[in-house]
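**Student:** In this note's numbering, the protein residues as written are 655 to 899.
For glycine and all other residues, C-beta sits at the position ideal for the given N, C-alpha and C.
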Ligand SMILES: [Zn+2]
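#1: Would you decide whether residue 604 is buried or exposed? Buried here means 16 or more other CB atoms lie within 10 Å of its CB.
#2: Please report how far the alpha carbon of residue 760 lies from the alpha carbon of residue 766, in whole angstroms.
#3: How long is the line joining the alpha carbons of residue 710 and residue 746, rounded to whole angstroms?
#4: Look at the alpha carbon of residue 714 and the alpha carbon of residue 723, and state the distance between them as a whole number of angstroms.
#5: Looking at residue 776 and ligand 1, is the gap between the Cβ and the nearest heavy atom below 7 Å?
#6: Which one of 701, 727, 807 has the shortest CA to CA distance from residue 771?
#7: For residue 870 and residue 838, I'd like the C-alpha separation in whole angstroms.
#8: Mind reading off the beta-carbon distance from residue 852 to residue 686? Whole number of angstroms is fine, and I expect it under 8 Å.
#9: So within the region 862-893, which uninterrupted alpha helix (DSSP H) runs reach at least 4 residues, ignoring any that extend past its ends?
#10: Excluding the 5 residues preceding and the 5 following residue 742 in the sequence, name in chain order all residues of the same chain whose CB lies nearer than 6 Å to its CB.
#11: If you measure from the CB of residue 841, is any heavy atom of ligand 1 nearer than 7 Å?
#12: Ignoring anything shorter than 4 residues or poking outside the region 683-770, list the alpha helix (DSSP H) runs there in chain order.
#13: Would you be able to state if there are at least three C-beta pairs under 8 Å between the region 818-837 and the region 855-866?
#14: Skipping 5 residues on each side, what residues in its chain have a beta carbon closer than 8 Å to that of residue 884?
#15: Would you call residue 858 buried or exposed, if buried means 16 or more other Cβ atoms sit within 10 Å of its Cβ?
#16: Can residue 794 and residue 809 be called in contact, C-beta distance under 8 Å?
#17: What span of residues does the beta strand (DSSP E) with residue 813 cover, start to end?
#18: If you measure between the beta carbons of residue 877 and residue 697, is that distance less than 8 Å?
#19: Give me the Cα-Cα distance between residue 748 and residue 786, rounded to the nearest whole angstrom.
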């Protein structure tokens, strides 16, 4: 059924490394869940003392959702999530990359930096990411560091251009790309699905206003800027495991 699955996220870790512990859906009593926790029990998160850089791509975009429209929705989503988390989320421009499991972990234009978060298009069954026909998108954050002390450094959001039932903007959870990119970007920040339909991080989008729920906000604080700075490993080219579902 179109409209069913919103998205999934798959945590990528370097091939050969021990996977971070995956928290089960709905595990938190505070209305949120995280993808992974470190050895001390804290959520795997981004360094709150560095900007989190995001680029958008129009490669393979559907009719009616050009780069400008995606960028507008992404900027709004980043603003909402930045306000709730305190993180510095910067949509800096466009990229001619397409999402894929083989994407470099280094920035295309400056290999001394981790790659920015790429938001782009990926047809189900036509590439290397585990996107299904019913999915609106899939988020693939990448965590690096020693097991038990991981930090997110890059990631991708692959949107499904075959979901032509969705429209630009934030009119409603049921129909909007804006709701979708907000949900996916929250995944990249470290949040997993919950069972509560009042949250944007519910597995299924439902219908209603595109607003964060109390659990979403608690989760964003738990991975947000109130926490200490993290040591970010030096950028390197990593062979990340191909995600499966
Ligand atoms: Zn999701």
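**Tutor:** Judging by the given coordinates:
#1: What the structure shows of the chain is the stretch from 655 to 899, and residue 604 is not part of that stretch, so it cannot be assessed.
#2: Here residue 760 corresponds to residue number 106 of the chain shown, with the count starting at 1. Here residue 766 corresponds to residue number 112 of the chain shown, with the count starting at 1. In a straight line, the C-alpha of residue 760 is about 7 Å away from that of residue 766.
#3: As a position in the chain shown, residue 710 is number 56, starting the count at 1. As a position in the chain shown, residue 746 is number 92, starting the count at 1. One C-alpha to the other measures close to 9 Å.
#4: Taking the chain shown and counting its residues from 1, one reaches residue 714 at position 60. Taking the chain shown and counting its residues from 1, one reaches residue 723 at position 69. Taking the straight line from one Cα to the other gives about 14 Å.
#5: Here residue 776 is taken as the residue at index 122 of the chain shown, counted from 1. No, the beta carbon of residue 776 sits no closer than 7 Å to any heavy atom of ligand 1.
#6: Along the chain shown, one-based indexing puts residue 771 at 117. Minimum Cα distance to residue 771 is reached at 807.
#7: Residue mapping note: residue 870 aligns to position 216 of the chain shown, counting from 1. Residue mapping note: residue 838 aligns to position 184 of the chain shown, counting from 1. The straight-line gap from Cα to Cα measures roughly 12 Å.
#8: Indexing the chain shown from 1 puts residue 852 at position 198. Indexing the chain shown from 1 puts residue 686 at position 32. About 12 Å separates the two Cβ atoms, so there is no contact after all.
#9: 868-876
#10: Indexing the chain shown from 1 puts residue 742 at position 88. Only 705 meet the Cβ criterion.
#11: Indexing the chain shown from 1 puts residue 841 at position 187. Checking the Cβ of residue 841 against ligand 1 gives yes.
#12: 721-739
#13: yes
#14: For the purposes of this step, residue 884 is taken as the residue at position 230 of the chain shown. The residues are 699, 700, 701, 702, 703, 805.
#15: Stepping through the chain shown from its first residue, residue 858 is reached at position 204. Exposed.
#16: Start at 1 with the first residue of the chain shown, and residue 794 comes out as number 140. Start at 1 with the first residue of the chain shown, and residue 809 comes out as number 155. Result yes, Cβ atoms of residue 794 and residue 809 sit closer than 8 Å.
#17: Numbered from 1 along the chain shown, position 159 holds the residue referred to as residue 813. Counting along the chain, the beta strand (DSSP E) containing residue 813 begins and ends at 805-813.
#18: As a position in the chain shown, residue 877 is number 223, starting the count at 1. As a position in the chain shown, residue 697 is number 43, starting the count at 1. Yes, the pair counts as a contact, with Cβ atoms nearer than the cut-off.
#19: For this step, residue 748 is matched to residue 94 along the chain shown. For this step, residue 786 is matched to residue 132 along the chain shown. So the alpha carbons of these two residues sit roughly 25 Å apart.
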